[in-house]
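To start, the structure under review is shown below, and the notes come after it.
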Amino acid sequence: MKIIINRLQSFCNYSCVIIFTIFIQNSPYLFAQNSFYVPHNTLSVGAGTASYYGDLSPYSRPIQSTIDEIRWNIAANYIHSFGNHWSTRVGLKYIRIAGDDANMLGVKGKEARFVRNLHFRNDVKELSLMMAYDFVNAPRYYAKRKLLSPYLLGGITAFLHSPEAKTPDGTWVKLRPLNTEGQGLPNYDTPYKVWGMGAAVGAGIRIKLSPHLDLGLESSFHYAFTDYLDDVYGKYASNTDLTDPLAIAMANRSGEKVAILSGIDRTEGIRSYVVLKEPFYANPATDPFTSTSIRNFGRAGTSRGGSALKDGYLVTSINLIFHLPNKVVCPKY
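So the mapping is simple: our numbering equals the position in the sequence shown, first residue as 1, plus 177.
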């Protein structure tokens, strides 16, 4: 038995040597994808649109939520390509997003959101770290790349934000310091942070314009790990707890007769909500804002927000991409 074991060990050792030798001899071919590729760097700048999804622009209406209150973004990226298909990039974006309950006018099942009458805008300053996969196999030198190069990307984001809204007299104010849902007060949630983290996925295509310049088209969805990009998340706070008149006015805006952003008269939209519970207000001569339904709307402890998903935004941009020349290394003799 001992002789058999020794012979098996010798055979295994001999086999391992042969396999290792074959591996070493053929390693240039096994790793040919990266061994002949010359890494290089690019810079890109761009601008485009931004659309918000959340409590004031529901995910359940993706097309309308993309169009309603569409805003803008500007961006810059530094990209390092290290393989035939793979690259990493660091990006900076300045993104304006916005939402308005007035867009829910006449939308079946969203009548209470129209009554709620909240709105916001938020300038999100975002830093991202992404990985990208190019579908087209890159040549050894970037100047010989294909005309079209589609790609996928994904990564993590970190951002600063501060939602704002217009007061009834038309002045923009920051909402976080007002603690509109009682944040920071006893028996309420803690105040939300001015920074946050998130994840992003997207796709794009680069179009070669010259050996050193591309035109890029890209769209990416950014999901925030917070539900406060719009300052709306939980329940209405008690007016006796808020105490600040401005906080009270910004927390519950259901009694305002005009939507402050769009300027539309809300009377008939409110009437269509009220008559379902109080048919008396079907009479055009009546004022639906005096109804019990509206006077009790936003009572302390009732839902102010609470989407199943956290807030997010879709960013679409047109980019100019500059390929940086590789460093020339002179041979040593």
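Ideal Cβ positions, reconstructed from N, Cα and C, are used throughout, including at glycine.
Of the residues F398, V435, V378, the one placed nearest Y230, counting alpha carbons only: F398
Just verifying my parser: in three-state terms, what is the DSSP assignment at Y458? helix
I247 vs S228 beta-carbon contact at 7 Å: yes
Only counting runs of 4 or more residues, tell me where the alpha helix (DSSP H) segments fall wholly within the segment 268-325, in order along the chain. 288-293
Three-state class that DSSP yields for L423 in the structure shown: L423 falls in the helix class under three-state DSSP.
Local Cβ density within 10 Å of L207, reported as buried at 16 or more and exposed below that: Note that L207 scores 36 on pLDDT, short of 50, meaning its location in the model is unreliable and no value can be drawn from it.
To the nearest angstrom, report how far apart T226 and Y405 are at their CA atoms. 21 Å
Please report the distance separating the alpha-carbon of W249 from that of N460. The alpha-carbon atoms of W249 and N460 are separated by roughly 43 Å.
Are the Cβ atoms of S468 and E455 separated by less than 7 Å? yes
Would Y458 count as contacting chain C if we go by Cβ distances under 7 Å? The structure shown contains no chain C, having only a single protein chain.
Compare the C-alpha of D464 against each of V451, F474, N473 and name the closest. V451 is the residue among V451, F474, N473 whose C-alpha sits nearest the C-alpha of D464.
According to DSSP, is D418 part of a helix, a strand, or is it coil? helix
Pick from A377, G432, G446 that is closest to Y490, judged by C-alpha positions: A377
D520: buried (16+ other C-beta within 10 angstroms of its C-beta) or exposed? Because the chain in this structure spans residues 178 to 510, residue 520 falls outside the shown range and cannot be described.
V451 lies in the beta strand (DSSP E); which residues open and close that run? That residue, V451, is in no beta strand (DSSP E); its alpha helix (DSSP H) goes 444-451.
Does the Cβ of E303 have 16 or more other Cβ atoms within 10 Å, making it buried, or fewer, making it exposed? buried
So, for A414: in the same chain, excluding its five sequence neighbours on each side, which residues have a beta-carbon less than 7 Å away from its beta-carbon? E358, G359, Y365, A428, A477
What do you get for D346, buried or exposed, if any count of 16 or more other CB atoms within 10 angstroms of its CB means buried? Burial call: exposed.
What residues in its chain sit with their C-beta under 8 Å from that of P340, if we drop five residues either side in the sequence? F297, R298, N299, K351, L352, R353, Y405, L406, D407, D408
Between T479 and K412, which are expected to be in contact by the criterion C-beta below 8 Å, what is the C-beta distance as a whole number of angstroms? 6 Å
Residue of E288, I272, M308 minimising C-alpha distance to T265: M308
What's the gap between the Cα of G379 and the Cα of D391? 18 Å
With 16 as the cutoff for other CB atoms within 10 Å, does G286 come out buried or exposed? exposed
Here's the rule I'm using: 16 or more other beta-carbon atoms within 10 Å means buried, otherwise exposed. How should A315 be labelled? Classification for A315: buried.
Less than 8 Å between C-beta atoms, sequence neighbours within five positions excluded: which residues of the same chain meet that for V371? L337, H338, S339, R353
Cα-Cα separation between L145 and T334, rounded to whole angstroms: Lying before the first or after the last residue shown, residue 145 is absent from the chain, which here runs from 178 to 510.
DSSP three-state call for I437: helix, strand or coil? coil
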